[in-house]
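Data block below; observations after.
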Amino acid sequence: MTKIIACGLIIAVGWFCGGIYADYRQKSYLELCGMISLLESMKNAISYSRTELYGIFVSFSDKALDSCGFTETLKSSDIVPANEIWHNALERLSVGEGIKDVLSSFGSTLGLLDCDTQIERIEGCMAFLSKEREQMRAALAGKIKSYRYLGALAGCLAAIVLY
Amino acid sequence: MGIPRTAVMSLNEIRLRVGLPLSLSCGNRNLSINGQGKLCKPEYGVAVTEDEMKECISKLTRSSLYSFDDTIKYGYIPLEGGARAGICGDAVTDRNGIKTFSDIRSVSLRVSRLYPDLAKPLTDYFTSEGICGTLVFSPPGLGKTTYLRSVAYLLSRGNKPYRVGLADERSELYVPEMNGCLIDYVRGCRKRDGIDLLTRTMSPQIIICDEISDTEADGVIAAQNSGVCLIASCHGDSLEGIMKRPHIARMTEKGIFKLFVRLWYDGGYKSEMTV
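Taken in sequence, the protein lines are chains A and B.
Per the numbering used here, numbering of the first sequence is gapless, rising by one per residue and ending at 336.
Per the numbering used here, numbering of the second sequence is gapless, rising by one per residue and ending at 276.
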C-alpha cells in the first residue's frame, strides 16, 4: 500500500515537473505576444496622437509582461531616458537571446527618432517578432501536453526503478 | 564654480556642442568653462560627448523626439515655462525643406526670464502719447523676446489694463510668472494664423509677436486692417538697416508701425525709442 502511494506521488511529481517546463516554454511565448501588443500600442499612440513614451508605458498592461516585472520597470521612471529604461526592462524577459538582441537594438534609438522613422522601426521590430511568434507557436503546438505526459512517464520509470 | 555672479545673473543661453566647447552667453559675452568649472578660453573648454548630447535631447523631449516634429523642422524644441532649445546638426530634407535632423550636434538652451519693468519707458510713453504699433529691433540675442514679454506684462495689468493677445509661434513669449495679466496666447502656429485667429475670436486691443519676417508681412497687413495695435520685433542693428527690408518698409507705409525701439547691451540692457 505504501509503495503504491509512493509510486503515485512520484508520478504526480513527474507530471508537475513536466507542467513547470511546459509553463516555462509557454511563458516565453506569452511574453513575446505581450511585446508585440506593446509595440502595437506604441505604434498607434505615436501615429495618431504623438503620445509621449512615458504616457504609453503607464497606460499599457499585459498579463505576461506584468507578471515578469517588465511593465513595472517601464513605468518606474519618467526622468530616466526611455532607451535606458527599455534596456533595464529587457532583463526581466525570458525570451530567447536572438529576440532580446533585436529588442535591444530597437531600444537603443527609442524616443530619439522623428515620427516616420520611429514608426518604421516599430513596424520592423513587430514584423520580426511576429515571425518568431509563428515559429514558436508551431513548435509548441501539441508539445505543452506532451511535456506533462513525459514528466509523468519519467515519474513512472523512476517508480519502477525504485520499486 | 568660478563663474562671476554678474555673468550668471545675465545668463541668457547655454550652448552644448558635440566635440566642441560648451559656452554660456551672458549679455554680449560668450564664456567657456573647463572641467573644473572655471572660466577659460574656448580651446580649453569642456566639450559634450555624443552620449551626453543624446541624453540631453532625450530629457528635453521626454524621450519622445517624434512629438516635436513640427517644431524641430524649424530648429527648436519648446520647453515648459517659455524656454526654448534651439537645435542644429545634420539635416534631413524633403521637397518642403528641412524635415528633421538625423544627428543633433548643437543645442542652445535659452533661459527665459521675466524682467517686469524692462519695457517701462515704452509703456510710460504709451500712457502719455497713446498706444501705437511698435517695432522692437536689435541684433540676435540682445533681449527682444525678453523686452516683448515685459511689454505684454505691463500693458495687461495695472490701473488701465489692455486685452493683450500673444501670437506665440515658438512658445517663448508667455511665461507662468505672468500672473494677474489679461493675456490670451496662441502657441505653436504661424504668426500670421495666430494673429488672424486672435483678431477674429479674442478681440484683443494689442497683439504682440516676435521676429516678424517677410513671409508673414502680407498676412499681418491683412489681419492688421482690423485696427488692433501690433507690437513686434525683428533682427537689425539700425533703423536705416531695417527700413531697407521691403516688408518692414511696406508695413511702416501701411501705418502698422509708428514707433521703433532699438535695443542694445552696454553693461545692461538699454533701449531707445524713435518715432
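Heads up, the beta-carbon is just placed ideally off N, CA and C, and yes, glycines get one too.
Predicted model only: the values in this text are computed from it and were never measured.
Contact check, Arg164 (chain B) vs Ser204 (chain B), beta carbons under 8 Å: In this structure, Ser204 (chain B) lies closer than 8 Å to Arg164 (chain B) by Cβ.
Amino acids of chain B, ordered along the chain, whose beta-carbon sits closer than 7 Å to that of Arg223 (chain A): At a beta-carbon threshold of 7 Å, the residues of chain B lying near Arg223 (chain A) are Tyr67 and Ser68, ordered along the chain.
Cross-strand partners of Trp265 (chain B) (DSSP beta bridge): For Trp265 (chain B), the pairing in a beta bridge is given by DSSP as B:Lys271.
Simplified DSSP state of Ile257 (chain B), which is helix, strand or coil: Looking at Ile257 (chain B) - three-state DSSP - the assignment turns out to be coil, as it is neither helix nor strand.
For Ile99 (chain B) and Lys74 (chain B), believed in contact at Cβ under 8 Å, the rounded distance: Taking 8 Å as the upper bound for CB-CB distance, Lys74 (chain B) and Ile99 (chain B) are in contact here, some 5 Å apart.
Local Cβ density within 10 Å of Ile215 (chain B), reported as buried at 16 or more and exposed below that: Reading off the sequence shown, one finds Asp at residue 215 (chain B), where the question assumed Ile. The residue is exposed, with fewer than 16 neighbouring Cβ atoms inside 10 Å.
CB contact check: Glu56 (chain B) to chain A, cutoff 8 Å: True, the Cβ-Cβ gap to chain A drops below 8 Å.
Best match in B:Ala250, B:Lys145, B:Ser26 and B:Val49 for proximity to Gly20 (chain B) [C-alpha to C-alpha]: Ranked by Cα distance from Gly20 (chain B), the options B:Ala250, B:Lys145, B:Ser26 and B:Val49 are led by B:Val49.
Where Lys200 (chain A) sits in the DSSP three-state scheme: Reduced to three states, the DSSP call for Lys200 (chain A) is helix.
Boundaries (first-last residue) of the beta strand (DSSP E) holding Val187 (chain B): Residue range Ile184 to Arg188 is occupied by the beta strand (DSSP E) that includes Val187 (chain B).
Alpha-carbon to alpha-carbon, Ser65 (chain B) and Ile229 (chain A): Cα-Cα distance, rounded: 11 Å.
Pairwise C-alpha distance: Gly280 (chain A) and Ala153 (chain B): Distance between the alpha carbons of Ala153 (chain B) and Gly280 (chain A): 44 Å.
Residues bridged to Arg111 (chain B) (per DSSP): The partner list for Arg111 (chain B) (beta bridge, DSSP) reads B:Glu14 and B:Arg85.
Closest by C-alpha distance to Glu273 (chain B), when choosing among B:Ser239, B:Ser172, B:Arg111 and B:Ile243: Closest option to Glu273 (chain B), Cα to Cα, is B:Ser239.
Proximity of Gly191 (chain A) and Ala325 (chain A) at Cβ, strictly below 8 Å: Here Gly191 (chain A) is near Ala325 (chain A), since their CB atoms are less than 8 Å apart.
Proximal residues to Gly28 (chain B) (C-beta, below 7 Å), its chain only, five neighbours per side dropped: Closer than 7 Å at Cβ, skipping near neighbours: Ser11 and Tyr266.
Straight-line Cα distance separating Gly90 (chain B) from Tyr186 (chain B): The alpha-carbon separation between Tyr186 (chain B) and Gly90 (chain B) amounts to approximately 31 Å.
4 or more residues per run - each alpha helix (DSSP H) lying fully within the segment 59-83 of chain B: Qualifying alpha helix (DSSP H) stretches, in chain order: 70-73.
Cβ separation of His260 (chain A) and Ser277 (chain A), assumed to be a contact under 8 Å, to the nearest whole Å: Between His260 (chain A) and Ser277 (chain A) a beta carbon distance of about 6 Å is seen, short of the 8 Å cut, so the two are scored as contacting.
Buried versus exposed call for Arg310 (chain A) [16 or more other C-beta atoms within 10 Å across all chains shown]: Counting the other CB atoms within 10 Å of its CB gives Arg310 (chain A) a total below 16, which places it among the exposed residues.
Within-8 Å CB hit, Leu226 (chain A) to chain B: Cβ-Cβ to chain B under 8 Å: yes for Leu226 (chain A).
Contact the segment 164-179 of chain B vs the segment 208-222 of chain B: 3+ CB pairs below 8 Å: Yes, the segment 164-179 of chain B is in contact with the segment 208-222 of chain B.
Which of helix, strand or coil DSSP assigns to Ser204 (chain B): Secondary structure at Ser204 (chain B): coil, using DSSP grouped into helix, strand and coil.
Nonlocal neighbours in the same chain, by C-beta distance under 6 Å from Met179 (chain B), ignoring five residues either side: Counting only residues of its own chain and dropping the five nearest sequence neighbours on each side, Met179 (chain B) has a CB closer than 6 Å to the CB of Tyr154.
Neighbour flag for Thr200 (chain B) against chain A, beta carbons, 8 Å: At least 8 Å separates the CB of Thr200 (chain B) from every CB of chain A.
Ile252 (chain A) classed as buried or exposed, judged by whether at least 16 other C-beta atoms fall within 10 angstroms: A residue is called buried once 16 or more other Cβ atoms fall within 10 Å of its Cβ, and Ile252 (chain A), having fewer, is exposed.
Min CB distance Ala255 (chain A) to chain B below 8 Å: With 8 Å as the cut-off, Ala255 (chain A) counts as an interface residue toward chain B.
Nearest-angstrom Cα separation, counted from Ile132 (chain B) out to Pro177 (chain B): C-alpha separation (whole angstroms): 25 Å.
Assumed close pair Ala244 (chain A), Ile258 (chain A) - CB separation to whole angstroms, cut-off 8 Å: Before going on, a small fix: residue 244 (chain A) reads as Thr here, not Ala. In this structure Thr244 (chain A) is not in contact with Ile258 (chain A), their Cβ atoms being roughly 11 Å apart against a cut-off of 8 Å.
Status (buried if at least 16 other CB within 10 Å, exposed otherwise) for Ile178 (chain A): Note on Ile178 (chain A): under 16 other CB atoms within 10 angstroms of its CB, so exposed under the neighbour-count rule.
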